[in-house]
Amino acid sequence: MDDDGSRISPTAHYTGQTWVQHAMSDPSLATPEGRLLYTGLRPIHWTLTLLGQPTLDGFLLARHRTIDAYLTEAIEDGSVSQVIELACGLSPRGLRFHRRYGDRITYIEGDLPHMAALKRQKLEQAGSLDENHRVVVLDALADEGPNSLAALTSAMDPNRGTALVTEGLINYFDQSTAEAMFSRFAGALAQFPNGMYLTDLYLNRVTNAPLIRAFSGVLSVFVRGSVYTFYPSTEAAENALVGAGFSFASVGSAADHPASATAKRDPGASLVWIARATTSSTN
Ligand SMILES: C[S@@+](CC[C@H](N)C(=O)[O-])C[C@H]1O[C@@H](n2cnc3c(N)ncnc32)[C@H](O)[C@@H]1O
């Protein structure tokens, strides 16, 4: 993971291509790097699938679809009409939700400078950007300053329910950095009548299985850094989120969510947990 944003991590290209391959994205969000990586890793994917082992596609699809389902539910029930997708990478969620909900929602995507510039260019090509769909430079680690979440949320409508989404971000940081992020996120969401945070998480209990440990090792090489797993249980993750300032937190396996659909046949789906934490009194 490139903390300084000086170059774009290969994982963002890979996940971007995964969404395109599974018809969840617009071809304009594809990149040559993503195509190359995705094609290059296909033999490993096919081998793992034949052996009944977890695949990258399995866990990526499970987490993306489950987050989509929670976000859809909150938009449909009226509790959320502003969305911030932080560390958006080449995620197609903003594009899809903007096409679906138009001016019913404001969707703001944020990432480090190089990725934000690339995403803006790609979404312009897709014809999606307007006053209800924007891309901004946003640093998940900044407490203050122009690229901080605090600066962004203070300029948003304080009377509208707001969701913050991170996907594929938290587990690239150590526990204290991740928990500082949770506090930052809870603080920023607290100013809205409903604040909801959605993220994927990886628990450390699964890493006891040798094959899963091998899978995590491959993933670490792939992301050129460590993948941290620090909560032994869903309860521990929920307690951490509440300890960081959320009023309610629920963490569940993506494989148990109906939205995972066919992805749950891949054991990769059971390696991903989705956290939903709120700052409002209504859960
Ligand atoms: C694994 S990619 C995931 C992209 C996207 N969420 C997805 O699921 O397709 C991780 C993303 O996190 C972004 N990132 C890393 N550190 C960040 C930070 N401090 N603030 C904001 N974004 C960050 C990277 O630029 C990259 O786009």
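Per my numbering, the very first residue in the sequence shown carries number -13; after that it's consecutive.
Glycine included, every Cβ here is placed at the ideal spot set by N, Cα and C.
Query, Result
"Buried or exposed (CB count within 10 angstroms, at least 16 for buried), residue 32", "exposed"
"Residues of its chain near residue 122, where Cβ-Cβ distance is below 7 Å and the 5 sequence neighbours each way are ignored", "94, 96, 102 and 138"
"Touch test, the segment 239 to 258 against the segment 51 to 58, Cβ-Cβ under 8 Å, three pairs minimum", "yes"
"With 16 other Cβ atoms within 10 Å as the buried cut-off, status of residue 25", "exposed"
"Cross-strand partners of residue 61 (DSSP beta bridge)", "Paired residue(s): none; residue 61 is not in a bridge."
"Cβ-based burial, residue 262 [other Cβ within 10 Å; buried from 16]", "buried"
"Test: residue 216 CB closer than 8 Å to a CB of chain B", "The structure shown contains no chain B; it is built from a single protein chain."
"Closer than 7 Å: residue 10 CB and nearest ligand 1 heavy atom", "no"
"Near ligand 1: residue 153 beta-carbon under 7 Å from a heavy atom", "yes"
"Contacts around residue -8, its chain only, beta-carbon distance under 6 Å, and the 5 residues preceding and following it disregarded", "Any reading at residue -8 needs caution, since the residue's pLDDT is 48, under 50, leaving its predicted position unreliable; the model's value is listed next. Once the five neighbours on either side are set aside, residue -8 has no close Cβ partner at all."
"Beta-carbon spacing of residue 264, residue 234 below 8 Å", "yes"
"Residue 194 (DSSP reduced to helix, strand or coil)", "Its pLDDT being 48, under 50, residue 194 is placed unreliably in this model, and the value from its coordinates should be taken loosely. Three-state DSSP puts residue 194 in a helix."
"Residue range of the alpha helix (DSSP H) that includes residue 95", "No alpha helix (DSSP H) contains residue 95, which is instead part of the beta strand (DSSP E) from 92 to 97."
"Contact belief for residue 98 with residue 125 at Cβ below 8 Å, rounded distance in angstroms", "6 Å"
"8 Å contact criterion, which residue 187 and residue 157 should meet: CB distance rounded", "7 Å"
"Distance cut-off 7 Å: residue 17 Cβ against heavy atoms of ligand 1", "no"
"Assigned secondary structure, residue 71 (DSSP; H/G/I helix, E/B strand, else coil)", "strand"
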